[in-house]
Amino acid sequence: MSEKKPVLKASHLGIQFGGLKAVDDFNMEIGESELIGLIGPNGAGKTTVFNLLTGVYQPTEGAFYLCGEKMNGKKPHQVVAAGVARTFQNIRLFKKLTVLDNVKVSMSRTMKYSMGSAIFRTGRYWAEEKETDEKALELLRIVHLEDKAGYIAENLPYGQQRRLEIARALATGMKLLLLDEPAAGMNPTETAELLEIINDIRDRFHISVLLIEHDMSLVMKICERIQVIDYGVTIAAGTPEEIANHPRVIEAYLGKDDE
Amino acid sequence: MPKKIKRNYVLNLLGVLLLFFALFALFETGVLGSRSSYFMGIATTACYTIIMVTSLNLLVGILGEFSLGHAGFMSVGAYASAIVTNALADQNIPTFVLFLIALAAGGVAAGVMGVLVGIPTLKLRGDYLAIVTVAFAEIIRVAFTNFQITGGGRVMSGIAKLSNFYWVFWVTVICVTVMYLFIRSRFGRTVKAIREDYIAAEASGVNVTFYKVMTFTISAFFAGIAGAIYAHYMTAMIPTSFNFNYSAEFLTEVIIGGTGSMTGSVIGAAFLSALPEAMRTFAKYRMLGYSVVLVLIMIFRPGGIFGTWEFSLGKAVDRLTGKAKKEVPEHE
Numbered sequence: 028m029s030e031k032k033p034v035l036k037a038s039h040l041g042i043q044f045g046g047l048k049a050v051d052d053f054n055m056e057i058g059e060s061e062l063i064g065l066i067g068p069n070g071a072g073k074t075t076v077f078n079l080l081t082g083v084y085q086p087t088e089g090a091f092y093l094c095g096e097k098m099n100g101k102k103p104h105q106v107v108a109a110g111v112a113r114t115f116q117n118i119r120l121f122k123k124l125t126v127l128d129n130v131k132v133s134m135s136r137t138m139k140y141s142m143g144s145a146i147f148r149t150g151r152y153w154a155e156e157k158e159t160d161e162k163a164l165e166l167l168r169i170v171h172l173e174d175k176a177g178y179i180a181e182n183l184p185y186g187q188q189r190r191l192e193i194a195r196a197l198a199t200g201m202k203l204l205l206l207d208e209p210a211a212g213m214n215p216t217e218t219a220e221l222l223e224i225i226n227d228i229r230d231r232f233h234i235s236v237l238l239i240e241h242d243m244s245l246v247m248k249i250c251e252r253i254q255v256i257d258y259g260v261t262i263a264a265g266t267p268e269e270i271a272n273h274p275r276v277i278e279a280y281l282g283k284d285d286e
Numbered sequence: 277m278p279k280k281i282k283r284n285y286v287l288n289l290l291g292v293l294l295l296f297f298a299l300f301a302l303f304e305t306g307v308l309g310s311r312s313s314y315f316m317g318i319a320t321t322a323c324y325t326i327i328m329v330t331s332l333n334l335l336v337g338i339l340g341e342f343s344l345g346h347a348g349f350m351s352v353g354a355y356a357s358a359i360v361t362n363a364l365a366d367q368n369i370p371t372f373v374l375f376l377i378a379l380a381a382g383g384v385a386a387g388v389m390g391v392l393v394g395i396p397t398l399k400l401r402g403d404y405l406a407i408v409t410v411a412f413a414e415i416i417r418v419a420f421t422n423f424q425i426t427g428g429g430r431v432m433s434g435i436a437k438l439s440n441f442y443w444v445f446w447v448t449v450i451c452v453t454v455m456y457l458f459i460r461s462r463f464g465r466t467v468k469a470i471r472e473d474y475i476a477a478e479a480s481g482v483n484v485t486f487y488k489v490m491t492f493t494i495s496a497f498f499a500g501i502a503g504a505i506y507a508h509y510m511t512a513m514i515p516t517s518f519n520f521n522y523s524a525e526f527l528t529e530v531i532i533g534g535t536g537s538m539t540g541s542v543i544g545a546a547f548l549s550a551l552p553e554a555m556r557t558f559a560k561y562r563m564l565g566y567s568v569v570l571v572l573i574m575i576f577r578p579g580g581i582f583g584t585w586e587f588s589l590g591k592a593v594d595r596l597t598g599k600a601k602k603e604v605p606e607h608e
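Residue numbers (our numbering), protein chains in the order written: chain A, 28 to 286; chain B, 277 to 608.
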C-alpha cells in the first residue's frame, strides 16, 4: 500500500502576481476516489488554485504531482492528458455546437483516425465516430441529458448546461475532477440532482473530486475532508465537523468578534 | 457507412455531374455562339474564387479568426506553380500531369508558408492576427516585386495555359468536398470548439495552437491551389494584383455568403465573381453597389445570407418526395 501514490499531491504550491501572493504555501493530498471540498470567502484564491492545478497558471513556487508525475511547466492540454479535468465557475460550453458534439470534443484526444480517413470516409472513420457517439451518449445518460443530445448547447436551461459541462469533463477520461462551484445558481431540486450525479460518478469511475462550493449544506453533506483558504493561505483543514466549529473559519466568514 | 449517407453521396455526385454536363452543353453546343469562350473564362474565374472563399471561410467561419492576407497565400501558390511549370516546360510532360504538378506545387508552397506564418502569429487573436496577416501579404507582394525569379516587378508572362475549365471544375469540386469533409470530422469539430471557447477547448484536452496552425495551413494550401489555377489561366501576372483589396474582396464574399456556411461561400463566390462582368456597363458604380449590399447585409442578416446553413441535396430530395421527417434540431 505504501507504493500507492496519491492522485494529487500539491506541496508548497504558490503563485505571485506582481507583489500579490494570490496563493501561498498550498498543500493538499487527494487519494483515490476521495471527495475534497475547497472553501473560502470570495477572492480567497480558490479559483486560482484550480487554474494552477490545470496548468492555466504556472506556479511561481512549489510543485504539484499527479499520481507521482510532476506537472510543473505542463500546458493545460497536457495536464488534461495526464488526468485532470475541470468545470468552470462561469459556464464555458461550446455554445453553438450540439450537446453531443460538446462531449465528443473532449474525446477527440483519444480518437485515432487520420486526416486521410476523415477525407475518404474510411470504415475506420465510421467505426470510430459511432463508438464515440455511443460513449458520449453513455456519459450524457449519467448526467441525465441523453434526450438532449441533438440540442444546441446554448439552448439548454442553466442547470442542464452545468451538467453538460460535467459530462464534457468526464469525457476526457480523467482521474481527478475539479468542480468549480457546480451548484451556483441552482435551485434546491437541481442541487439535489447534482449531488446524486456527483456520487454516481464517483461510484462508477472511482475518480477523485475536488470541489469549490459556496453552498455549505452541499459541501458538508458530501465532502470527506474540507480545506479552507483565505487570502491565499490555508487556514484550516479537516473533516466537515471540525471545519464547522473551527474558530478561524468562523472568523474568516463572519469576521472577528470585537470585544 | 450508414445507408442514408451512402444515398446522399450518390445524390450529391449526381447533382455535381448534372451541373457539369449542363455547363458542358452550354459551352459546347454553341448556344452562346462566339461568346462561349468568354463565358467559360468567367466560369473559370468563379471556380478559383470559390476555392479562395471557401478556404478563407475555413479560417473566418470555422476557426473564427480573421485573415486579411489571403491573397498573399494565393500569390505564393501562383508564383510557385508558375516557376515549377516554366522549369518543366520542355520536358514533354502531358498537360494534364503538368497541371496536377502545378496545383501540387502551388498548394505545398502556400501550405509551407501557412505553417511559417502560422506558428509565430497564431498566439495572437482577433484584430492583432488580422493586422499580421495584412502585413504578411504586403511582405509577399513587396518581396515578389523584387525577386528576379518572380519577374522582378514586371509582368511575369509566358506561363503555360493549363487551366482548362473542365479540369478546373473538378478540382474545385474536390477542394470544396475535402474542406467540407474536414469540417465534419473530429478535426473540424475540434476547430469549431476552439472558435466557441478556446479556454474550454484547452480544458478539454485540445492542443489549441496545433489545431490553429493546422487549420491555417490547410486554408493556405487551398489558397495556393487557387493561385496555381489563376496563374495557369491568366498566363501572365504581376505581384501587385494580389493586393489588400483582393484579400478584402474574398473576405467580403465570405461575409456576404455567410461565415461558417460552405454553401454560402460557394454561391457567394460564384455570384460575386460573375457580377462584375455582368455589370460591365455600370463598372463605375460597382464598388458603390458592393458597399450598399454589404451595409444592407450587415443590418438585416449579420450572419450573412446563408448564416451557418448548409444546403443538403439529400434533405432537399426528401422534402420534394414528402419523406422529410420532422425537423430535428439542426446540426450546425
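All residues carry an ideal CB built from backbone N, CA and C; glycine is no exception.
Secondary structure of residue i, DSSP reduced to three states
i         : result
B/Lys-399 : coil
B/Leu-344 : coil
B/Gly-291 : helix
A/Gln-85  : coil
A/Lys-248 : helix
A/Arg-113 : strand
A/Met-138 : coil
A/Leu-205 : strand
A/Lys-97  : strand
A/Leu-62  : strand
B/Lys-602 : Annotation note: pLDDT 44 at B/Lys-602 (below 50); position unreliable, coordinate value reported separately. Here B/Lys-602 sits in coil by DSSP.
B/Val-286 : helix
B/Thr-645 : In this structure chain B extends from 277 to 608, so residue 645 of chain B is not present and cannot be described.
A/Phe-242 : Here the sequence assigns Asp to residue 242 of chain A, which means Phe is not the residue at that position. Coil.
The alpha helix (DSSP H) enclosing residue i, as first and last residue numbers
i         : result
A/Ala-90  : Element bounds for A/Ala-90: not the alpha helix (DSSP H) but the beta strand (DSSP E), 88 to 93.
B/Ile-514 : Taken as a continuous stretch (DSSP letters only), B/Ile-514 belongs to no alpha helix (DSSP H), as it is neither H nor E.
A/Ile-225 : 215 to 232
B/Val-467 : 462 to 472
A/Gly-150 : 150 to 169
B/Met-328 : 312 to 333
B/Tyr-566 : 562 to 576
Residue i: first and last residue of the uninterrupted beta strand (DSSP E) it sits in
i         : result
A/Ser-235 : 235 to 239
A/His-39  : 35 to 44
A/Met-55  : 47 to 57
A/Gly-186 : Note, A/Gly-186: premise wrong, no beta strand (DSSP E); alpha helix (DSSP H) at 185 to 197.
B/Ala-524 : Counting along the chain, B/Ala-524 falls outside any beta strand (DSSP E), though it belongs to the alpha helix (DSSP H) covering 520 to 533.
A/Val-260 : 260 to 265
B/Leu-551 : Segment 538 to 554 is the alpha helix (DSSP H) holding B/Leu-551; no beta strand (DSSP E) there.
Straight-line gap, residue i to residue j (C-alpha atoms, nearest Å)
i         : j         : result
B/Ala-378 : B/Ser-549 : 23 Å
A/Gly-72  : A/His-39  : 15 Å
B/Ala-358 : B/Thr-421 : 15 Å
A/Ser-235 : A/Arg-229 : 7 Å
A/Ile-294 : A/Leu-191 : This structure leaves residue 294 of chain A out entirely; chain A is present only between 28 and 286.
A/Ile-277 : A/Gln-188 : 33 Å
B/Ala-502 : B/Ala-512 : 15 Å
B/Ser-461 : B/Gly-390 : 22 Å
B/Pro-370 : B/Ser-433 : 21 Å
B/Met-574 : B/Tyr-566 : 12 Å
A/Tyr-84  : B/Gly-481 : 16 Å
B/Ile-435 : B/Ala-381 : 14 Å
B/His-607 : A/Gly-177 : Confidence at B/His-607 is low in this model, with a pLDDT of 39, below 50, so its placement is unreliable and the value that follows should be read with caution. Near 7 Å, if we compare the C-alpha coordinates of A/Gly-177 and B/His-607.
B/Glu-603 : B/Ser-588 : A caution first: B/Glu-603 carries a pLDDT of 41, below 50, which makes its placement in the model unreliable, though a value can still be read off. So the alpha carbons of these two residues sit roughly 14 Å apart.
A/Gly-45  : B/Leu-400 : 24 Å
A/Phe-232 : A/Asp-160 : 19 Å
B/Arg-465 : B/Lys-280 : 22 Å
A/Val-106 : A/Glu-173 : 28 Å
Beta-carbon gap between residue i and residue j smaller than 7 Å
i         : j         : result
A/Ala-180 : A/Leu-124 : yes
B/Ala-413 : B/Gly-337 : no
B/Thr-409 : B/Gly-340 : no
A/Ala-196 : A/Ala-112 : yes
A/Val-50  : A/Val-34  : no
B/Tyr-522 : B/Ala-354 : no
B/Phe-497 : B/Ala-386 : yes
B/Val-292 : B/Ser-541 : no
B/Thr-539 : B/Phe-576 : no
B/Ala-545 : B/Thr-325 : yes
B/Leu-308 : B/Phe-297 : no
A/Gly-64  : A/Ile-253 : yes
A/Gly-82  : A/Pro-103 : yes
B/Pro-515 : B/Arg-417 : yes
Residue i Cβ short of 6 Å to the ligand HEM heavy atom set
i         : result
B/Leu-295 : The ligand content of the structure shown is nil, which means the ligand HEM is not present either.
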